Amino acid sequence: MTRAATSPAVPAERRLRLLSCNILAGASVQRYRQYVTRSISAVLPGRSKMDNLDRLAEVLAQFDVIGLQEADAGSLRSGFLNQTRYLAETAGLPFWSHQPNRAMARLAHSANGLISRLEPHAVLDYPLPSRIPGRGALLAQFGQGEHALAVMIAHLSLSAPARARQLGFIAELLQDFPHAVLMGDLNTEPDSAEMRQLFAKSTLQPPAQATPTFPSWKPRRALDHILTSPAVHLEKTWALPQAFSDHLPLAAEIRLPAHVGGNPVPGRRQ
73 MTRAATSPAV
83 PAERRLRLLS
93 CNILAGASVQ
103 RYRQYVTRSI
113 SAVLPGRSKM
123 DNLDRLAEVL
133 AQFDVIGLQE
143 ADAGSLRSGF
153 LNQTRYLAET
163 AGLPFWSHQP
173 NRAMARLAHS
183 ANGLISRLEP
193 HAVLDYPLPS
203 RIPGRGALLA
213 QFGQGEHALA
223 VMIAHLSLSA
233 PARARQLGFI
243 AELLQDFPHA
253 VLMGDLNTEP
263 DSAEMRQLFA
273 KSTLQPPAQA
283 TPTFPSWKPR
293 RALDHILTSP
303 AVHLEKTWAL
313 PQAFSDHLPL
323 AAEIRLPAHV
333 GGNPVPGRRQ
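Counting from 73, one number per residue, gives the positions in the sequence shown under my numbering.
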């Protein structure tokens, strides 16, 4: 008796590794006093910033979707380098996009950045509500329709009233996506009033435990977050031990149904 040919089993789930990182335009800060003592070098390009970005790129190659905050979009302080593009190309990841936000003449131009192993179906830019303009959120959709994975990257304001308005706006944008992720420097702890409001108005879930990321040299505050909707299973989150700025990078591993999120470009993680 001959055995009928069988097709290889198709996995029911897929795993993705996510990373959120405020990179402070490549500057390395290891003490509070360095915000002052290094204030001049912060607006000038330098070899130390490039070395720092190269070290970060080695880490990014281990992840599938990366969200950057405070990446320079190409101004004096970066040597007119688009840091999101540089990191993507150096890490060997095929897709990148950025959202320039606050520009200070030609001295500094901050941006949110997306770097990905998956090809986004769409990337949308949204200005966030704020009394002082310059904050934004970048929404990437991987896949289409009900099978899309929506990943929003945001850097929120320092004031609680502004953050509350911004998180309310983000909740509205994500409400139509069953598979949603919010990642970024939200400038607030997970138990703050504005975060509780976000969880009440959206399907995003509070973290099982806070992960301190700031300041990077002695982390005490959980200001960086990777939040998911219930259809996205959050396996684990952790702060990387390497400090590339005044924030530690925050990593997460998620599980999704295999048909959600489009297809990764083949390539081995380093």
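Heads up, the beta-carbon is just placed ideally off N, CA and C, and yes, glycines get one too.
Note that the structure is a prediction, hence the values are computed from the model and not measured.
Along the alpha helix (DSSP H) that carries residue i, what are the first and last residues, could you check?
i    : result
S233 : According to the sequence provided, residue 233 is Pro. The question's Ser does not apply to it. 232-246 is the span of the alpha helix (DSSP H), which, as asked, contains P233.
Q314 : Neither: Q314 is in no alpha helix (DSSP H) and is coded neither H nor E.
T156 : 155-163
F271 : 265-273
My guess is that residue i and residue j are in contact by the Cβ rule of under 8 Å, so how many angstroms apart are they, rounded?
i    : j    : result
I242 : L230 : Their Cβ separation, rounded to whole angstroms, is 17 Å, which puts I242 and L230 out of contact at 8 Å.
L221 : G333 : 4 Å
S288 : A330 : The pair is not a contact, with the Cβ atoms about 36 Å apart (cut-off 8 Å).
N184 : I225 : 5 Å
P284 : P291 : 4 Å
N259 : L295 : 6 Å
A129 : T162 : 4 Å
What does the alpha-carbon distance come out to for the pair residue i and residue j?
i    : j    : result
L153 : F167 : 17 Å
D144 : S150 : 6 Å
L132 : H305 : 22 Å
T275 : Q247 : 7 Å
A84  : H219 : 14 Å
M267 : D123 : 36 Å
L299 : L320 : 17 Å
A324 : P205 : 30 Å
P343 : R237 : Given that the chain is displayed from residue 73 to residue 342, the structure contains no residue 343 and the question cannot be resolved.
R327 : P233 : 34 Å
R89  : L190 : 11 Å
A303 : A272 : 17 Å
Where do the ends of the beta strand (DSSP E) carrying residue i lie?
i    : result
A324 : 322-329
P199 : 194-199
F152 : Element bounds for F152: n/a, residue is neither H nor E.
L210 : 208-214
V137 : 137-144
V223 : 221-227
L92  : A small correction: the amino acid at residue 92 is Ser; Leu does not occupy that position in the sequence shown. Taken as a continuous stretch (DSSP letters only), the beta strand (DSSP E) holding S92 covers 85-94.
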